[in-house]
Amino acid sequence: MRLAGSARLAASLPLVLGPLLLLLPRRAAADVKFTKPEAGATLRGGGALTVQWEDSGDAPAIDDLTTYQLFLCAGGNEEGSFIQLTSITTQGSFGTGNRAEGTVSTGIGDDDENAYFLKMISVAATGGTVTNYSPRFTLTGMTGTFPPAVQAGIDDLTGTSGPDTVNEVADDAAAAGPVDADLFDVPFQSQTGLTRYAPMMAVPPTQITRRTKTPLFPTSSVELAKTWLPTARVQTTVTQSQTFSVKSIENPATAAAMPDDDMQKFLNRWKD
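Everything in the sequence shown is counted per the numbering used here, starting at 1 for the first residue and increasing by one.
Here it is, written out as structure tokens:
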């Protein structure tokens, strides 16, 4: 039996669309659904900010996540139009519940409507991260200002939705995606989870001008182990890619003339 033209097209769509769907970026899956602050809520700046969330029902599930970092952001939805203002927590654990609380300073931003949202970077037990963004809300009583690019992103807003989710959880079906640049800004000693992120290696200067040595990082306390320590949970450390480059050119200086007089006589002694 021969299929009509439309029927043949409908039958072939799964064969055509199937491979294409595998090529789409993995940005739609979400694990965390923020429930507080609610979309479009108005809160008072300068005080405590309470954050709550629940499992969205999509993969990866919250049970498959270990730790998280939570930040307050402001701006538009496109990359480069929003900034990370302050951290709510950099050492959160999903094992302690679905709630976090932090303090918001009034000087970190303006009081534009729906300018603020939350950013959560979660670490999966299998490796990789997933970044979720909350709905937008307003903070009143704020006394700061935003950079021009951020203010422009806020002015272009038309709703209360935050940026799209970025799912970079490692699995066998998808290649690893690019690492969120904000992860390298979190102090190494403040990070938790199976994957840690180290900042870009420093490049030596072209001249040595200092007369005294100063440490690059502040000192930290050391506690000596008195019993056997548990097995380290860190599996991978990702170092930020180096952007330093070197440009070489030929030396145009004229070669020095051969020596003469006494030096030439000295060199002549060693000729074969």
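Even glycine gets a Cβ: it sits at the ideal position worked out from N, Cα and C. What you are looking at is a predicted structure, and each value in this text was computed from that prediction instead of being measured.
- Could you tell me whether the Cβ atoms of residue 124 and residue 60 are closer together than 8 Å? The answer is yes: Cβ separation under 8 Å.
- Message: Going by DSSP in three states, residue 251 sits in which element: helix, strand or coil?
- Response: Shown here, residue 251 sits in coil according to DSSP, grouped into three states, outside any helix or strand.
- Just checking my contact of residue 150 with residue 208 at CB under 8 Å: how many whole Å lie between their CB atoms? Not really, about 39 Å apart at Cβ, beyond 8 Å.
- Query: Helix or strand or just coil, what does DSSP make of residue 49?
  - Reply: It is a strand residue.
- Query: Using the C-alpha atoms, what's the distance from residue 196 back to residue 237?
  - Reply: Each residue's CA atom was taken as its position, placing residue 237 and residue 196 some 5 Å apart.
- Message: Quick check on the burial criterion: 16 or more other C-beta atoms within 10 angstroms. Buried or exposed for residue 257?
- Response: When all chains shown are included, residue 257 counts as exposed.
- Message: Out of 134, 106, 138 and 78, which one is the CA nearest neighbour of residue 145?
- Response: Closest in alpha carbon position to residue 145, among 134, 106, 138 and 78, is 106.
- Query: Once you ignore the five residues that flank residue 253 on each side, which residues in its own chain have a CB closer than 6 Å to its CB?
  - Reply: Answer for residue 253: no residue qualifies.
- Query: Looking at C-beta atoms only, is the number of pairs between the segment 181 to 196 and the segment 67 to 87 that lie closer than 8 Å three or more?
  - Reply: The segment 181 to 196 makes contact with the segment 67 to 87, as at least three CB pairs between them are under 8 Å.
- Query: Out of 85, 198, 244 and 182, which has the shortest C-alpha to C-alpha gap to residue 205?
  - Reply: Distance check between residue 205 and each of 85, 198, 244 and 182 places 244 closest, using alpha-carbon atoms only.
- Query: Is the segment 132 to 143 close to the segment 33 to 40, with three or more CB pairs under 8 Å?
  - Reply: Enough Cβ pairs lie closer than 8 Å, so yes.
- Query: Under 8 Å between the Cβ atoms of residue 179 and residue 130?
  - Reply: Here residue 179 is not near residue 130, since their CB atoms are 8 Å or more apart.
- What three-state label does DSSP hand residue 181 in the structure shown? Reduced to three states, the DSSP call for residue 181 is helix.
- Task: Taking residue 154 as the reference, give the member of 270, 78, 119 and 250 with the closest Cα.
- Result: Closest by alpha carbon: 78.
- Item | Helix, strand or coil at residue 157 [DSSP, three-state] | Here DSSP, grouped into helix, strand and coil, assigns residue 157 to coil.
- Message: residue 202 and residue 240 - do their beta-carbons sit closer together than 8 Å?
- Response: No, these two residues do not count as a Cβ contact at 8 Å.
- With DSSP as the reference, please indicate the residues paired to residue 120 in a beta bridge. DSSP lists 70 and 132 as partners of residue 120.
- Task: Identify whether residue 110 lies in helix, strand or coil by the three-state DSSP scheme.
- Result: Look at residue 110 here: in three-state DSSP terms it is coil, with no helix or strand label.
- At what residues does the beta strand (DSSP E) containing residue 36 begin and finish? Annotation: the continuous beta strand (DSSP E) that includes residue 36 extends over 32 to 36.
- DSSP three-state call for residue 229: helix, strand or coil? Secondary structure of residue 229 (DSSP, three-state): coil.
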